[in-house]
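Heads up: the sequence shown at position 648 corresponds to 739 in the numbering used here, and the numbers run straight through without jumps. Even glycine gets a Cβ: it sits at the ideal position worked out from N, Cα and C. Contents: one structure, followed by commentary.
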Amino acid sequence: MPTTRAQRPGASDKEAPAPRASRVVKSGGASSRTLPAPVIPQLIPVPASYRTLPGVLTLRNAAGMQFPRELSNAAALLGEYLQKEAGLKNGTGGDIVFLLDTNAVKKDEAYHLLITTRNATITVRDTAGAFHAVQTLRQLWKQRNGQVTFPACEISDYPRFAYRGMHLDVSRHFFSVDFVKGYIDSLARYKFNTFHWHLTDDQGWRIEIKKYPKLQSVAAWRDETMTGHKKELPHRFDGIKYGGYYTQDEVREIVAYASSRGITVIPEIEMPGHAQAALAAYPHLGCTGGPYKTAAFWGVFDDVFCAGKDSTFQFLEDVLEEVLPLFPSTYIHIGGDECPKTRWNACAACKARMEKEGLPDADALQSYFVRRIGKWLNAKGRKLIGWDEILEGGLAPGATVMSWRGTEGATQAAAQGHRVIMTPEDEYYFDHYISLYNDEPVAAGGYTPLQEVYNWEPPLPELIAGVQGQLWSEYLPTEKQALYMLYPRILAVAETGWSRADKKSWPGFLARLSNMDASLIPDEVVMHAEAGKPGSIRVSLESTGAIQYRLGNGPVQLYQGPFTVKSSTILEAWRKERGPDRKLRRELLVQLATGAKVMLQQPPNTKYNAGAQTLVNGISGTHRYNDGQWLGFSARDLEVVIDLGAKRTIRKVGANILNYHWQRMWEPTDLQFFISTDGVNYTPVASTDRFPVYGINAIRLEVRAAEARFVKVTARNKGKIPQGEYGAGGNSMLLVDELIIE
Numbered sequence: 092m093p094t095t096r097a098q099r100p101g102a103s104d105k106e107a108p109a110p111r112a113s114r115v116v117k118s119g120g121a122s123s124r125t126l127p128a129p130v131i132p133q134l135i136p137v138p139a140s141y142r143t144l145p146g147v148l149t150l151r152n153a154a155g156m157q158f159p160r161e162l163s164n165a166a167a168l169l170g171e172y173l174q175k176e177a178g179l180k181n182g183t184g185g186d187i188v189f190l191l192d193t194n195a196v197k198k199d200e201a202y203h204l205l206i207t208t209r210n211a212t213i214t215v216r217d218t219a220g221a222f223h224a225v226q227t228l229r230q231l232w233k234q235r236n237g238q239v240t241f242p243a244c245e246i247s248d249y250p251r252f253a254y255r256g257m258h259l260d261v262s263r264h265f266f267s268v269d270f271v272k273g274y275i276d277s278l279a280r281y282k283f284n285t286f287h288w289h290l291t292d293d294q295g296w297r298i299e300i301k302k303y304p305k306l307q308s309v310a311a312w313r314d315e316t317m318t319g320h321k322k323e324l325p326h327r328f329d330g331i332k333y334g335g336y337y338t339q340d341e342v343r344e345i346v347a348y349a350s351s352r353g354i355t356v357i358p359e360i361e362m363p364g365h366a367q368a369a370l371a372a373y374p375h376l377g378c379t380g381g382p383y384k385t386a387a388f389w390g391v392f393d394d395v396f397c398a399g400k401d402s403t404f405q406f407l408e409d410v411l412e413e414v415l416p417l418f419p420s421t422y423i424h425i426g427g428d429e430c431p432k433t434r435w436n437a438c439a440a441c442k443a444r445m446e447k448e449g450l451p452d453a454d455a456l457q458s459y460f461v462r463r464i465g466k467w468l469n470a471k472g473r474k475l476i477g478w479d480e481i482l483e484g485g486l487a488p489g490a491t492v493m494s495w496r497g498t499e500g501a502t503q504a505a506a507q508g509h510r511v512i513m514t515p516e517d518e519y520y521f522d523h524y525i526s527l528y529n530d531e532p533v534a535a536g537g538y539t540p541l542q543e544v545y546n547w548e549p550p551l552p553e554l555i556a557g558v559q560g561q562l563w564s565e566y567l568p569t570e571k572q573a574l575y576m577l578y579p580r581i582l583a584v585a586e587t588g589w590s591r592a593d594k595k596s597w598p599g600f601l602a603r604l605s606n607m608d609a610s611l612i613p614d615e616v617v618m619h620a621e622a623g624k625p626g627s628i629r630v631s632l633e634s635t636g637a638i639q640y641r642l643g644n645g646p647v648q649l650y651q652g653p654f655t656v657k658s659s660t661i662l663e664a665w666r667k668e669r670g671p672d673r674k675l676r677r678e679l680l681v682q683l684a685t686g687a688k689v690m691l692q693q694p695p696n697t698k699y700n701a702g703a704q705t706l707v708n709g710i711s712g713t714h715r716y717n718d719g720q721w722l723g724f725s726a727r728d729l730e731v732v733i734d735l736g737a738k739r740t741i742r743k744v745g746a747n748i749l750n751y752h753w754q755r756m757w758e759p760t761d762l763q764f765f766i767s768t769d770g771v772n773y774t775p776v777a778s779t780d781r782f783p784v785y786g787i788n789a790i791r792l793e794v795r796a797a798e799a800r801f802v803k804v805t806a807r808n809k810g811k812i813p814q815g816e817y818g819a820g821g822n823s824m825l826l827v828d829e830l831i832i833e
């Protein structure tokens, strides 16, 4: 695993420190450039308005503050930071002045900060604005020889979105109270206002509920934990009992700590799915009655809370009765995602419930479940949040939807008048790989580099409440790894949530990252490749500094610009200043199909929709499936014709097929190859219906030597996902990449 500049959060009064950055610049910009000189100091997120003034404000030994009673908490927090981080004592006078003025500051959470050589004046309309101004001061100051200096400047600032959140999953892996506090400090520093605390799931129940002690003694523990990735078969386990939970006193401590920094904590208690840990403790709450075990494997499970039993709702209401006093937040998250209907469809109690309530199917039963809990929460003066699956079957007014599966859920929820928070999986799930380097520690899957996070802009910005990043912890066994996956991507989310779109700039963001901490700058080398003339690949490289590379066993070269490769080889490339200990390594495939004309009968119709020529660009797709190389087909087959331009002798054909059932990616029913000399009459030459690898199936089939100009490749889509599999009943996806003709 790559080293990090920080191992874990410090003491409970310090934020989680930032480890070394994720490693990528995905597109745009020069291949090797000098970062532009920052106009704004190391402020993240970038403020709405910043003006430099002459001179600096210097505080020596002590800092005196003046503030109205309403802003005493923000002033106390600033005093704590100045004392513990800068070594200044509490002084007298008006070195820093807080003013509450609703006429001067018109927007919620906004602040005006004026720093002169005499003092700093913070003007706000609410407490939240004062907290944000404190964090701006904290980012601005510099410490040296027992004194603190601030650059003289004037800042007017306010948030773009009202909701700016970060999520932390503590169910799959448990994190200490100190780590959670450090996480909260990081959120405060970068002007988030919400901490979404994912407390329960199949793999562990993490909050004490006094009425149900088995949630602590049984549900909080699993017998062992899967090692490696869930795509690996057979699955491997460590055989070590694992678990833990937060006592109610610890929860109160964390919530109070967050409040003292202007952060609202929203708990998530999963229902009706992701319930296996709770069922292990109280099996009567499931449809079958068990027995159940707290899950040791990552995934989605058929055993969920029984929607037909009143005892299920009594249990959940009892749990929430203890949860609500711990969390003063208006909103309570109930999950609501990934709830298979397998057990409900076979359950007599669930069928009776559907008949009694006039529900047509199990989707409507889920809607009933969510509505019932939502109504209960409303009666307690609270509101419900859930993932976008809570839209299925209809949703009661007043609920908030977190849209994670793309923009469709957001559009649907907004049209129905629901509050929407964008939490997109492709861009804001930080359990995805941060680079395409082979030495990255195991992650959930996918590829989400820093620049992709930063450049993403939410759809319907005028209709959504805000944005949130997610840190799922299946593959985060240590606090060190959690921080590695979090930083610096959290900073990109912070800027999108707070700063206006016209204020965002990737070069400017990199400049401020560099000014803040040079180790946060991405150092990944990214390769862009496309087929040039038939039988060749045009390669370009990109990074934030000078690049060195090598082809095969050839000499090390300094990258000067795009180059052409005319035979298969291995490319290795790395940042010159870092050296080859951490490098990109990709195979370049040059064969008869490379650069040939490709004609698809139907285009890809999923988010995996790079152009048809991607199939013959000489670059194979990786296990990090959203790397821009795969073509995905849903409810349609693959049929593609490759025109080699002239008759060629063909001895081998092939294709790469991605088989990841846990991502709804299924092998085809069959894969067939046909050849033709005229593009009209085709002869079958090879086929297979075997795709044995759970991952990338590199199909290579020998054929009897034959002359052909055209090669047709077909693959029949698997169709509906079978029962018992993830996404059962939905359409499977057929993912294909490099087509091989030799």
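Item: Please report the straight-line C-alpha distance between Ile661 and Gly645, rounded to a whole angstrom.; Value: 10 Å
Item: Just to confirm my understanding: we take Lys49, look at its own chain, exclude 5 residues before and 5 after, and list those with CB closer than 6 Å. What are they?; Value: One cannot answer for residue 49 here, as it falls past the ends of the chain, which runs 92 to 833.
Item: May I ask you to report which of helix, strand or coil DSSP gives Arg496?; Value: coil
Item: Spell out whether any CB of chain E is found under 8 Å from the CB atom of Val271.; Value: As a matter of chain content, chain E is missing from the structure shown, which is built from one protein chain.
Item: Can you give, in chain order, each stretch of the beta strand (DSSP E) that sits fully within the region 179-225 and has at least 3 residues?; Value: 180-191, 202-206 and 211-215
Item: Since Gly560 and Phe252 are thought to touch, with beta carbons under 8 Å apart, how far apart are those beta carbons, to the nearest angstrom?; Value: No, Gly560 and Phe252 are not in contact; Cβ-Cβ is about 13 Å, not under 8 Å.
Item: How big is the Cα-Cα spacing for Gln572 and Ser262?; Value: 16 Å
Item: Hey, Val804 and Val707 are a contact pair by Cβ (cut 8 Å); roughly how many whole angstroms apart?; Value: Not a contact, Cβ separation roughly 11 Å.
Item: Assign Ser610 to one of three DSSP states: helix, strand, or coil.; Value: helix
Item: Could you tell me the boundaries of the alpha helix (DSSP H) in which Glu446 lies?; Value: Ala439 to Glu448
Item: Three-state secondary structure (DSSP) at Tyr520?; Value: strand
Item: Taking buried to mean at least 16 other C-beta atoms within 10 Å of its own C-beta, is Asn236 buried or exposed?; Value: exposed
Item: In this structure, does DSSP put Leu134 in helix, strand or coil?; Value: coil
Item: By how many angstroms is the C-alpha of Tyr274 removed from the C-alpha of Asp530?; Value: 26 Å
Item: Spatial neighbours of Ile638 within its chain, please: CB distance less than 8 Å, with the 5 preceding and 5 following residues excluded, ordered by chain position.; Value: Ser122, Ser123, Val616, Leu632, Leu649, Tyr650, Ala664, Trp665, Arg666 and Lys667
Item: Looking at the structure shown, is Asn164 part of a helix, part of a strand, or coil, going by DSSP?; Value: helix
Item: I need the boundaries of the alpha helix (DSSP H) containing Lys466, first residue and last residue.; Value: Ala453 to Ala470
Item: For Ile131, collect the residues of the same chain with a Cβ closer than 8 Å to its Cβ; drop the 5 residues on either side in sequence, then sort them by chain order.; Value: Val137, Pro138, Tyr141, Gly599 and Arg603
Item: Check each candidate in Ala620, Tyr545 and Ala609 and name the one with the smallest Cα separation from Ala46.; Value: Absent from the model: residue 46. The displayed extent of the chain is 92 to 833, so no value can be given.
Item: Counting only runs of 4+ residues fully inside the region 272-345, write out the alpha helix (DSSP H) ranges in chain order.; Value: 305-308
Item: Report the start-end ranges of each beta strand (DSSP E) in the region 755-816 that is 3 residues or longer and not cut off at the edges.; Value: 762-767, 774-779 and 787-806
Item: Measure how close the beta-carbons of Val356 and Trp288 come, nearest whole angstrom, since I'm counting them as under 8 Å.; Value: 6 Å
Item: According to DSSP, is Ile481 part of a helix, a strand, or is it coil?; Value: helix
Item: Could you tell me whether the Cβ atoms of Glu429 and His365 are closer together than 8 Å?; Value: yes
Item: May I ask which residues mark the beginning and end of the beta strand (DSSP E) holding Arg715?; Value: Arg715 -> no beta strand (DSSP E), and no H or E assigned at all.
Item: So, using beta-carbon positions, are Lys698 and Val681 closer together than 8 Å?; Value: no
Item: Locate the beta strand (DSSP E) running through Gln559, then write down its first and last residues.; Value: Gly557 to Gly560
Item: Who does Trp665 pair with in a DSSP beta bridge?; Value: Gln639
Item: Taking 7 Å as the limit between beta carbons, can you name the residues of its chain near Arg114, skipping five residues before and five after?; Value: Below a pLDDT of 50, predicted positions are generally treated as unreliable, and Arg114, at 29, falls in that range; the measurement from the model is reported next regardless. Hits under 7 Å: Ile525, Ser526, Tyr528, Pro613, Asp614 and Glu615.
Item: If you reduce the DSSP assignment to three classes, tell me which class Lys474 lands in.; Value: strand
Item: Given this structure, state the Cα-to-Cα distance separating Val630 from Glu678, to the nearest angstrom.; Value: 12 Å
Item: Only counting the same chain, and skipping five residues up and downstream in sequence, which positions put a Cβ closer than 6 Å to that of Met156?; Value: Ala166 and Ile187
Item: Take the Cβ of Ser494 as the centre, count every other Cβ of all protein chains shown within 10 Å, and call the residue buried at 16 or more, exposed below.; Value: buried
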